[in-house]
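Here the sequence shown stands for residues 68 to 610, where the numbers follow the working numbering. Heads up, the beta-carbon is just placed ideally off N, CA and C, and yes, glycines get one too.
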Amino acid sequence: MSSATDLSGEEPDVHTTAGKLADLAHRRDEAVHAGSARMVERQHAKGKRTARERIDLLLDPGSFVELDELARHRSTNFGQERNRPYGDGVVTGYGTVDGRPVCVFSQDVTVFGGSLGEVYGEKIVKVMDLAIKTGRPIIGINEGGGARIQEGVVSLGLYGEIFRRNVAASGVVPQISLIMGATAGGHVYSPALTDFVVMVDKTSHMFITGPDVIKTVTGEDVGFEDLGGGRTHNTKSGNAHYLGSDEEDAIAYVKELLSFLPANNMSEPPVFDAPGAAAGGSVEDSITDEDRELDTLIPDSANQPYDMHEVVTRVLDDGEFLEVQPLFAPNILVGFGRVDGHSVGIVANQPTQFAGCLDIDASEKAARFVRTCDAFNIPVLTFVDVPGFLPGTDQEWNGIIRRGAKLIYAYAEATVPLVTVITRKAYGGAYDVMGSKHLGADINLAWPTAQIAVMGAQGATNIVYRKALANAVEQGEDVDALRARLQQEYEDTLCNPYTAAERGYVDAVIAPSATRSHISRALSMLRDKREVPPPKKHGNIPL
């Protein structure tokens with residue numbers, strides 16, 4: 068029998084059916100254990116899982132179907148023909164996450180260090196093509212050391228093929244990258260082209276050139292963690308969207324993220340059962356005690372901050388808000404929630420950070436998020452409390468004009484339902500940028516505490532009444548009292564929501580406690596919105 072043959076250590080007789088089956092089982096076992104036991108032990112000692120263990124953690128039990136399990140490289144350079152492990156260092160296939168179909172690839176650092184060769188690249192390209200054709204999200208689990216040097220330029224060619232698929236899939240199917248270890252060189256550009264990048268604290272790294280090269284070329288001494296660690300990319304570069312405390316946390320975030328996204332751009336996000344204010348009754352009838360807490364949230368002083376999370380969570384189902392990039396540009400909040408069971412994207416200024424000012428990082432963070440929502444049919448709900456753009460030479464010299472314009476572009480091109488709520492300050496150009504009616508928002512609401520004006524009272528008074536204040540100084544009058552009176556006059560005249568309401572720039576001024584109900588009704592009404600942009604190849608966003 069073939070089993071007896073296997074136990075004896077002899078090669079199975081492939082001229083018999085039993086032998087062929089035994090041979091297949093042997094090959095598949097080799098594929099599953101392609102990495103050496105020593106490498107697997109090293110991986111576990113670092114607190115990291117193997118490529119297959121990560122897939123098992125991500126996908127529903129028993130749902131994974133592997134593709135190209137027996138693929139092997141064809142290179143004969145530098146004696147490589149003597150080392151041809153099955154799988155070639157990457158595991159690819161498809162399965163389900165919470166019952167929803169996805170495609171997946173997982174790079175295996177225990178085989179050739181996870182380096183990319185021709186067959187490795189072909190396997191990834193193949194599963195990406197499958198994801199695009201079948202309209203399902205593609206999740207890449209990344210850990211690898213760049214191009215496989217022994218295979219030469221063909222490795223670089225396959226990088227390019229993968230990048231092209233990333234671009235082809237962009238806006239068609241959600242693309243999510245999990246960075247589970249060190250990724251270097253060409254390995255980092257594919258994740259950068261995807262919609263979301265999730266890293267793990269202390270074990271994930273991304274960089275084009277490593278510390279040794281940087282030391283040699285520039286003399287700069289920097290460690291792996293400071294150069295490209297998970298915390299660096301979540302707080303400084305903005306290349307990552309979430310920092311998991313460990314691999315389980317990172318994968319759990321991806322699973323929750325998928326629950327807000329559609330399978331592709333031709334479908335809608337999943338809908339969950341939830342009580343909806345729009346189901347019937349008046350706005351007043353639907354207001355809860357928790358809603359009424361918003362009526363006392365805004366401080367009497369316009370200079371006193373409050374936490375915008377308090378507003379966001381009160382309008383979302385069960386108060387659940389999945390924040391995206393929470394550690395980067397904290398002066399603006401972006402993330403996902405649900406209203407009446409339907410996915411929504413949230414963009415909100417955060418008054419506790421830089422008073423909610425827009426800067427370069429906040430503008431790019433929000434612009435990218437708005438475009439992602441628009442690509443995947445997710446309505447955008449915007450909460451505005453913005454005193455303007457952050458002043459300073461650093462901002463001006465680093466391109467706040469061009470980079471801030473990205474947010475204008477993102478809102479203006481969006482065709483999904485756009486609902487905006489102005490809670491307090493909406494000054495100057497930042498008012499326009501933050502989902503204003505002028506950029507195409509569908510429903511714009513304002514609280515009575517809203518101040519929609521060219522600028523705040525203090526700055527405006529010093530400009531508008533400059534001569535009057537100067538004369539008061541010359542005549543020895545009480546300038547402070549005059550300034551206070553003029554500021555109050557300016558606030559009463561212009562720093563309110565009613566001038567904008569008179570012109571139709573806001574559709575309604577509402578009590579804060581009625582916000583959830585108004586948003587529910589607005590999104591319900593806009594669910595059938597259809598807006599067809601004019602024909603063109605593509606726009607030219609100010610990159």
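Q: Return the bridge partner residues of GLN174 from the DSSP annotation.
A: Mapped onto the sequence shown, residue 174 falls at position 107. Its beta-bridge partners are VAL157.
Q: Could you check how far apart the C-beta atoms of MET23 and THR449 are, in whole angstroms? I think they sit under 8 Å.
A: Nothing in the structure corresponds to residue 23, since the chain is present only between 68 and 610.
Q. So, is LEU137 buried or exposed, given that buried needs 16 or more other C-beta atoms within 10 angstroms?
A. Position 70 of the sequence shown, counted from the first residue, corresponds to residue 137. Result: exposed.
Q | Inter-residue Cα distance where the pair is SER244 and VAL406 | A | To locate residue 244, count along the sequence shown from 1; it is residue 177. To locate residue 406, count along the sequence shown from 1; it is residue 339. Between SER244 and VAL406, the C-alpha separation is close to 27 Å.
Q.
Less than 7 Å between the C-beta atoms of LEU361 and PRO579, yes or no?
A. Stepping through the sequence shown from its first residue, residue 361 is reached at position 294. Stepping through the sequence shown from its first residue, residue 579 is reached at position 512. Judged by beta-carbon spacing, PRO579 lies within the 7 Å limit of LEU361, meaning their Cβ atoms are closer than that value.
Q. What do you reckon, are the CB atoms on GLY495 and GLY455 nearer than 7 Å?
A. Stepping through the sequence shown from its first residue, residue 495 is reached at position 428. Stepping through the sequence shown from its first residue, residue 455 is reached at position 388. With respect to the 7 Å criterion, GLY495 and GLY455 are classified as neighbours on the basis of their beta carbons.
Q: Tell me whether HIS100 sits in a helix, a strand or coil according to DSSP, three-state version.
A: In the sequence shown, residue 100 corresponds to position 33, counting from 1. Reduced to three states, the DSSP call for HIS100 is coil.
**Q.** Same chain, Cβ closer than 6 Å to ALA330, neighbours up to 5 away in sequence not counted
**A.** Position 263 of the sequence shown holds residue 330. These residues qualify, in order along the chain: GLY202, ARG203.
Q) In terms of residue numbering, what span does the beta strand (DSSP E) encompassing MET247 cover? A) In the sequence shown, the residue the question calls residue 247 occupies position 180. Where MET247 is concerned, the enclosing beta strand (DSSP E) stretches over 242-251.
Q.
Rounding to the nearest angstrom, what Cα-Cα distance links ALA369 and ARG491 in this structure?
A. As a position in the sequence shown, residue 369 is number 302, starting the count at 1. As a position in the sequence shown, residue 491 is number 424, starting the count at 1. Roughly 8 Å between the two C-alpha positions.
Q. Are TYR532 and LEU561 close, meaning C-beta to C-beta below 7 Å?
A. As a first step, residue 532 must be located in the sequence shown, where it is residue number 465. As a first step, residue 561 must be located in the sequence shown, where it is residue number 494. Not closer than 7 Å, so no.
Q: Output the distance between the C-alpha atoms of GLU120 and MET247, rounded to the nearest integer angstrom.
A: Taking the first residue of the sequence shown as 1, we reach residue 120 at position 53. Taking the first residue of the sequence shown as 1, we reach residue 247 at position 180. Straight-line Cα distance between these residues: approximately 12 Å.
Q.
Runs of 4 residues minimum, wholly inside the region 524-570: which ones carry the alpha helix (DSSP H) assignment?
A. Taken in chain order, the whole alpha helix (DSSP H) runs of length 4 or more contained in the region 524-570 are 524-531, 533-541, 546-561, 565-569.
Q: Measure the Cβ-Cβ separation of LEU126 and GLY154 and say whether it is below 7 Å.
A: In the sequence shown, counting from the first residue as 1, residue 126 sits at position 59. In the sequence shown, counting from the first residue as 1, residue 154 sits at position 87. For LEU126 and GLY154, no; Cβs fall outside 7 Å.
**Q.** Three-way DSSP call (helix, strand, coil) for ILE318 in this model
**A.** Counting from one through the sequence shown, the residue named residue 318 turns up at place 251. Look at ILE318 here: in three-state DSSP terms it is helix.
Q: Mind checking which residues open and close the alpha helix (DSSP H) that includes GLY295?
A: Here residue 295 refers to the residue found at position 228 when the sequence shown is read from its first residue. Run containing GLY295: 291-295, per the alpha helix (DSSP H) assignment.
Q.
Comparing C-alpha positions only, which one of PHE179, VAL220, GLU228 sits nearest to GLY48?
A. Residue 48 falls outside the range modelled here, since the chain spans only 68 to 610, and no answer is possible.
Q: Return the first residue and the last residue of the alpha helix (DSSP H) that ILE275 is part of.
A: For the purposes of this step, residue 275 is taken as the residue at position 208 of the sequence shown. Where ILE275 is concerned, there is no enclosing alpha helix (DSSP H), given that its DSSP letter is neither H nor E.
**Q.** Which listed residue (GLY166, PRO600, VAL265) has its alpha carbon closest to that of GLN242
**A.** Position 175 of the sequence shown, counting from 1, holds the residue named residue 242. Of the listed residues, the one whose Cα sits closest to GLN242 is VAL265.
Q: Look at the Cβ atom of VAL382, then the Cβ atom of PHE388, and state whether they are nearer than 7 Å.
A: Residue 382 sits at position 315 when you count from the first residue of the sequence shown. Residue 388 sits at position 321 when you count from the first residue of the sequence shown. No, the Cβ-Cβ distance between VAL382 and PHE388 is not below 7 Å.
(Q) Residues in the same chain with beta-carbon distance under 6 Å from ASP452, minus the five sequence neighbours each way, listed in chain order, please. (A) Taking the sequence shown and counting its residues from 1, one reaches residue 452 at position 385. Closer than 6 Å at Cβ, skipping near neighbours: ASN416, PRO418, GLY423, THR490, ARG491, LYS492.
Q. Can you tell me the Cα-Cα spacing of ASP547 and GLY507, whole angstroms?
A. The count along the sequence shown starts at 1 and reaches residue 547 at position 480. The count along the sequence shown starts at 1 and reaches residue 507 at position 440. About 42 Å.
(Q) Which residue marks the beginning of the alpha helix (DSSP H) containing HIS308, and which one marks its end? (A) Translated into positions along the sequence shown, residue 308 becomes position 241. Secondary structure note for HIS308: it is in no alpha helix (DSSP H), with a DSSP letter that is neither H nor E.
Q: Using a Cβ-Cβ cut-off of 7 Å, state whether ALA513 counts as contacting chain C.
A: Given the protein chain composition of this structure (a single chain), no chain C is represented.
Q. With a cut-off of 8 Å, do at least 3 Cβ pairs link the region 468-485 to the region 590-607?
A. yes
Q: Can you tell me which of the three DSSP states PHE230 falls into?
A: Along the sequence shown, read from residue 1 onward, the residue named residue 230 stands at position 163. If DSSP states are grouped into helix, strand and coil, PHE230 belongs with the helices.
Q.
Assuming contact is defined by CB atoms lying nearer than 7 Å, are LEU223 and GLY188 in contact in what I supplied?
A. Residue numbering aside, residue 223 sits at position 156 when the sequence shown is read from its first letter. Residue numbering aside, residue 188 sits at position 121 when the sequence shown is read from its first letter. No. Outside cutoff.
Q: For PHE456, write down the residues that DSSP places opposite it in a beta bridge.
A: The residue labelled residue 456 in the question sits at position 389 within the sequence shown. In the DSSP output, where bridge partners are listed per residue, PHE456 has LEU425.
Q | Residue from THR270, ARG438, ASN233, ASP90 with nearest C-alpha to THR667 | A | This structure cannot speak to residue 667, because the chain is shown only from 68 to 610.
Q.
Going by C-alpha to C-alpha distance, which of ARG167, ALA214, VAL176, GLU228 sits closest to ILE191?
A. The residue you call residue 191 lines up with position 124 of the sequence shown. Residue GLU228 is the option with its Cα nearest to ILE191.
Q.
I need the boundaries of the alpha helix (DSSP H) containing GLU133, first residue and last residue.
A. Residue mapping note: residue 133 aligns to position 66 of the sequence shown, counting from 1. Premise fails: GLU133 lies in the beta strand (DSSP E), 132-134, not in any alpha helix (DSSP H).
(Q) Less than 7 Å between the beta carbons of VAL267 and GLY295, yes or no? (A) What you label residue 267 is simply residue 200 of the sequence shown in a count that begins at 1. What you label residue 295 is simply residue 228 of the sequence shown in a count that begins at 1. No. Outside cutoff.
**Q.** Boundaries (first-last residue) of the alpha helix (DSSP H) holding ARG470
**A.** Along the sequence shown, read from residue 1 onward, the residue named residue 470 stands at position 403. Per DSSP, ARG470 belongs to the alpha helix (DSSP H) from 467-480.
Q) If you check the beta carbons only, do GLY408 and VAL338 fall under 7 Å apart? A) As a position in the sequence shown, residue 408 is number 341, starting the count at 1. As a position in the sequence shown, residue 338 is number 271, starting the count at 1. In contact: GLY408 and VAL338 (Cβ atoms closer than 7 Å).
Q.
In the DSSP output, which residue or residues are listed as bridge partners for PRO337?
A. Translated into the one-based positions of the sequence shown, residue 337 becomes position 270. Paired residues: none, contrary to the question.
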